[in-house]
Amino acid sequence: MREQSIKTERGTVYYWLSEEWKPERDTIFFFPGLTADHTMFVPQFDYFEGKYNLIAWDAPCHGKSRPYEGFSFADTSEVIVRILDKTGVRRIIGVGQSLGGYYIQALMLRHPELVQAFIGIGTTPYGRQYYSPSDRFWLRQVGWMSMCYPIQMMKQAVAKQAACTPAGYDNMMAMTACYGKREYCHLMQMAYNAFLEDNRDLAWHCPVLITRGEYERTGKVRIYCDMWHRQTGFPLVIVGHASHNANVDNPREMNRIMETFLHDNIGR
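Residue numbers for the sequence shown follow this note's numbering, so the first one is 362 and each next one is one higher.
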């Protein structure tokens, strides 16, 4: 993957493009989750290189895209638009893991014509009906509660919850190594606040696939995914031998699931 960057008034955002790039190909844009970076999709880069054009980023305030002033989903949407304009991409297949799914949904709210298909990995839906007052209350407490724990202990606990394999655990620990305690806790609270502010009902105009790991145990993700599936009829696929970061825990199955969905829905 070739490193690129785009400068904004808030900071520089880094993203990566596949080595082999053909304008006529469909493009997959990978969006990592909260505190994660583009390296969580390395197993997907290796598999889909040469089949699709690939883009992945370190989201604003994440990984190499730091420092960055402020965080909102309105802003991330416009950064995505600028990346697509720069690369000449008209539509994307959005693959979002956890918080990464929100970037795509926020983009759908503002620019639905840019999203060709959506694949969620352990992510949850936009829509006010899914989140109770209690859910919203506790999401607003994440920052200060996180500050109560030693940083290394907290990172280890999050990695154990997000992954059920050594590869998944090691990847999560490596991705969060760059954060000190204050930045780590502030980032989590800032991201959840941004979601609560942006969350609203969303009309979908593209194929959608919901996936979650067999051993998903992050927050209420399992419950939200099941509700999303029941209320919309969007397909829900359980990834075996995987937890929250299912694409890292079980990349072989995740890649197969993605490829089948894309073949059936966009003919590739």
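Cβ atoms here follow ideal geometry from the backbone N, Cα and C, with glycine treated the same way.
Predicted model only: the values in this text are computed from it and were never measured.
Flag this pair as yes or no: are the beta carbons of Q466 and I482 separated by less than 7 Å?
-> Translated into the one-based positions of the sequence shown, residue 466 becomes position 105. Translated into the one-based positions of the sequence shown, residue 482 becomes position 121. Not a contact, by the Cβ cut-off of 7 Å.
Quick one: which unbroken alpha helix (DSSP H) runs of 4-plus residues sit fully inside the region 565-625? Chain order, please.
-> 582-593, 607-610
Residues sharing a beta bridge with V440, DSSP | Looking up residue 440 in the sequence shown gives position 79. According to DSSP, V440 bridges with nothing at all.
On the three-state DSSP scale, how would you describe N532?
-> Counted from its first residue, the sequence shown places residue 532 at position 171. N532: helix per DSSP, three-state reduction.
For E430, the three-state DSSP class (helix, strand or coil) | The residue you call residue 430 lines up with position 69 of the sequence shown. It is coil, neither helix nor strand.
Touching or not, the region 592-600 and the region 563-581, by the rule of three or more beta carbon pairs under 8 Å?
-> yes
Name the two residues that bound the continuous beta strand (DSSP E) containing G504.
-> The residue given as residue 504 occupies position 143 in the sequence shown. Run containing G504: none in the beta strand (DSSP E); it sits in the alpha helix (DSSP H), 503-507.
In whole angstroms, what is the alpha-carbon distance linking E381 and F390?
-> Sequence index remark: in the sequence shown, residue 381 carries index 20 (1-based). Sequence index remark: in the sequence shown, residue 390 carries index 29 (1-based). Spanning the two alpha carbons is a distance of roughly 15 Å.
Is V403 helix, strand or coil when you go by DSSP?
-> As a first step, residue 403 must be located in the sequence shown, where it is residue number 42. V403 falls in the helix class under three-state DSSP.
What did DSSP end up calling V450 once you bin it into helix, strand or coil?
-> Counted from its first residue, the sequence shown places residue 450 at position 89. Looking at V450 - three-state DSSP - the assignment turns out to be coil, as it is neither helix nor strand.
Do you know offhand how far V519's Cα is from I584's?
-> Residue numbering aside, residue 519 sits at position 158 when the sequence shown is read from its first letter. Residue numbering aside, residue 584 sits at position 223 when the sequence shown is read from its first letter. Rounded to the nearest angstrom, the two C-alpha atoms are 19 Å apart.
Using a Cβ-Cβ cut-off of 8 Å (strictly less than) and excluding sequence neighbours within five positions of K521, which residues of its own chain qualify?
-> By 1-based counting over the sequence shown, the position of residue 521 is 160. Cβ neighbours of K521 beyond the five flanking positions: Y530.
With DSSP collapsed to three states, give me the class of T537.
-> For the purposes of this step, residue 537 is taken as residue 176 along the sequence shown, with counting starting at 1. Residue state, collapsed to three classes: helix.
Starting from R363 and walking both ways along the beta strand (DSSP E), at which residues does that stretch end?
-> Here the question's residue 363 lines up with position 2 in the sequence shown. Where R363 is concerned, the enclosing beta strand (DSSP E) stretches over 363-368.
Would you give the residue range spanned by the beta strand (DSSP E) that L415 belongs to?
-> Within the sequence shown, numbered from 1, the residue matching residue 415 stands at position 54. Note, L415: beta strand (DSSP E), 414-418.
Take E474 as the anchor and find which of R451, Q592, D407, P494 has the nearest alpha-carbon.
-> Mapped onto the sequence shown, residue 474 falls at position 113. Per the Cα distances, R451.
On the three-state DSSP scale, how would you describe Y376?
-> Locating residue 376 in the sequence shown gives position 15, where the first residue counts as 1. Looking at Y376 - three-state DSSP - the assignment turns out to be strand.
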